[in-house]
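Residue numbers for the sequence shown follow this note's numbering, so the first one is 3 and each next one is one higher. Beta carbons are placed, not taken as given, at the ideal position from N, Cα and C, and that holds for glycine. Note that this is a predicted model, so its numbers are computed, not measured. These notes are about the structure you will find just below.
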Amino acid sequence: MKNRKLILTSALIYITSILSGCKNEDYNIQSETLKYEVSESKFEDYNTSNIELYLPNTVTQLTRDYFSQNLLSVKSIYIGKDVQSISDDTFVDMPSLSSVYVDKENEFFVSSPDGKYLASMDGSTIFIFGTDKFDIAVFEYADSIGKEQFCKDGFNIIFGNSVLYFAEPTEESGSTGSCSLTKAEAYGYTVKLNTNFLGNHIVDICSADDFILITDYTYRAGDTYIIYSGGVWEQHNMDNLNDYNYNDKIVCYFLNQDGELCFKCFPRKYLFTGIAGDLLKYSTGYDEIYKIEGTADFIDGEPILTVENEVTLDENYTDEQLIKEFEIFLSSTGAEYESMDALFEHNEKLFNKFEF
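Okay, here's the thing in C-alpha cells:
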C-alpha cells in the first residue's frame, strides 16, 4: 500500500517566485529524448515499467478518459504547450506518478523544477505528485514566502484521489494568518471540514490505495474521516474530561511509513487536558493500561482493530515523573493522600480500571 501525504502550496504568483525564477524554462520538450511520444488522440496501454510519457503539442485538454486504465507504471508525464485544461481526476489511475512537467511555452500551466507541483496560471488549482511529506513541508513553504502572503485567494489542491478546497486566509490570534480548509471530495463523497490549516494546524490528510484518511486532532482527541468508494466513515471525540467519560476509549488513526492503517487507543483519563494534576485524577494504578497500539484493516466500511502492544502507566512514565505529577495533583486540588498508592486505592473503588 502506498502512502502519499499532502504538501500544500500557494497561489501561483508565489509558486513561481519559489520555483525557478522563470516560467517552465527547463521543460521545453525535445523529441530526441522521448521515451514514449503520444501521437494519437488517446493514449493506449504500454506494458513497460518506469514509463516517461511525452504528450504531443496537439493535445489541448487532459481528462481521465484521455488515458487508458492500465497506467500503473507511469512515473513522469511531459505536457505540451497547447494544453489549456486539466480535469481534477486526470491522474487518479496513476499511483506511481511522481512528476509532471510542462512545456515552457504553455500559457495555462506551470510546473516546479522537480515536477512535484503542477499549477494553473491563476493559482486556483494545484496538483501534488510523488511526496510523502506533510506538516513540515507546509510550514517550510509558508515560512519561505511569508505567512502574510500565503494563499491570498481560495484555491483547490488535487492530491491522490481527493480534491481539497481552501478558502481565503483568516486572521487568528497568535498567527499572521491561516488557510481555511473548507471541504474534501473523494470517491464521489464530500466531507465538510471548515478548519484552520495554517496557524494552529492540527489537520492531517493521507491518501492510501483505497481510501483517504483525514484527521483533525487536538491532544489526540478530535475528528476522524475515512472516505472510500462506499461512503464516509467518521468518528468524533471532543468531550472534555469529566466524571462520566474518564474510561472512554479514544482511538486515533494514522498511516505508518509503509502505508498501513494503524491506531493508538487511550483511556480518556490519560489524554492531556491542560489542567495540572489531571494525569492521576482518575488513575487506578501503576499497572493500568495507558495506551494500546496496533493495526487496523478497513473492511466493509469499518476499521477492524488488531492489538499489537499494550503500555501501562509506569511503562510510559518514570517513577520521578509520576511522583512529580502526584505532588502537582495534591497542590492543585488540595487533596490529602499519604501516598500515590493511597490515591490509586481510592480511585479504583470509585472509577474502576480501564479495559479495552
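Q: Kindly indicate which three-state DSSP category Tyr68 falls into: helix, strand or coil?
A: Three-state result, Tyr68: helix.
query = Are Ser285 and Leu315 touching if we call contact CB-CB under 8 Å?
reply = If you check the CB distance, Ser285 and Leu315 come in under 8 Å.
message: Measuring only the C-alpha atoms, how far is Ser334 from Leu307?
response: The alpha-carbon atoms of Ser334 and Leu307 are separated by roughly 38 Å.
Mind checking whether Met342 and Phe356 have CB atoms under 8 Å apart?
Pairing Met342 with Phe356 gives a Cβ-Cβ distance that is not under 8 Å.
- Query: Candidates Thr226, Ser75, Asp91, Tyr319: which alpha carbon is nearest Ile207's?
  - Reply: Of the listed residues, the one whose Cα sits closest to Ile207 is Thr226.
CB contact flag (Phe331, Lys283, <8 Å): In this structure, Phe331 places its C-beta atom within 8 Å of the C-beta atom of Lys283.
Notebook entry, point to check: Measuring CA to CA, which of Leu183, Tyr248, Asp299 is closest to Leu281?
Noted result: Nearest option by C-alpha distance: Tyr248.
Going along the chain, which residues of its own chain have a beta-carbon closer than 6 Å to the beta-carbon of Asn318, five neighbours each way excluded?
So the qualifying residues of the chain are Tyr292.
*Classify Ala344 as helix, strand or coil using the three-state DSSP reduction.*
In the structure shown, the three-state DSSP call for Ala344 is helix.
ask   = Does DSSP put Asp280 in a helix, in a strand, or in coil?
value = When DSSP states are grouped into helix, strand and coil, Asp280 belongs to the helix group.
Q: State buried or exposed for Thr127, treating a residue as buried only when at least 16 other CB atoms are found within 10 Å of its CB.
A: Looking at its Cβ environment, which holds 16 or more other Cβ atoms inside 10 Å, Thr127 is buried.
**Asked** For Asn349, which of helix, strand or coil comes out of DSSP?
**Response** DSSP places Asn349 in helix when its eight states are reduced to three.
query: Is the beta carbon of Cys267 sitting closer than 8 Å to the one on Asn258?
result: Cβ atoms of Cys267 and Asn258: not closer than 8 Å.
**Request:** Give a yes or no on whether the C-beta atoms belonging to Asp218 and Thr192 are separated by under 8 Å.
**Result:** No, they are not a contact pair.
Check your understanding: Which first and last residues belong to the beta strand (DSSP E) in which Lys326 is found?
Key -> Counting along the chain, Lys326 falls outside any beta strand (DSSP E), though it belongs to the alpha helix (DSSP H) covering 321 to 335.
### Task
Measure the C-alpha to C-alpha separation of Phe353 and Thr320 and round it to an integer number of angstroms.
If you take the alpha carbons of Phe353 and Thr320, they lie about 23 Å apart.
Between which residues of its own chain and Phe358 is the CB-CB distance below 6 Å, once the five residues before and five after are set aside? Once the five neighbours on either side are set aside, the close Cβ partners of Phe358 are Ile294.
(Q) Let me make sure I understand the geometry here. Which of Val313, Val253, Asn311 has the alpha-carbon closest to that of Pro359? (A) Since the first residue of the chain shown is 3 and the last is 358, residue 359 is not available in this structure.
- Cβ shell of Ser164 (< 8 Å), same chain only, five flanking positions each side left out: Around Ser164: Ala186, Glu187, Ala188, Ile207, Ser209, Ile214, Ile229.
Note down the Cα distance separating Ser101 from Lys77, rounded to an integer number of angstroms.
Lys77 has its alpha-carbon roughly 7 Å from the corresponding atom of Ser101.
Quiz item: Starting from Leu315 and walking both ways along the beta strand (DSSP E), at which residues does that stretch end?
Solution: Here Leu315 belongs to no beta strand (DSSP E); instead the alpha helix (DSSP H) covers 315 to 318.
key: Minimum C-alpha distance to Phe157 - residue among Ser122, Ile79, Phe131, Asp289   = Nearest to Phe157 by C-alpha distance, out of Ser122, Ile79, Phe131, Asp289, is Ser122.
Suppose you measure from the CA of Leu64 to the CA of Asp91; what does that come to, to the nearest Å? As the crow flies, the alpha-carbon of Leu64 is around 9 Å from that of Asp91.
Check: Hey, Ser98 and Leu74 are a contact pair by Cβ (cut 8 Å); roughly how many whole angstroms apart?
Finding: Their Cβ separation, rounded to whole angstroms, is 6 Å, which keeps Ser98 and Leu74 in contact under 8 Å.
Practice prompt. Rounded to whole angstroms, what's the CA-CA distance from Asn301 to Val234? Just pull it up for me.
Written response: According to the sequence provided, residue 301 is Ile. The question's Asn does not apply to it. Cα to Cα, Ile301 sits roughly 13 Å from Val234.
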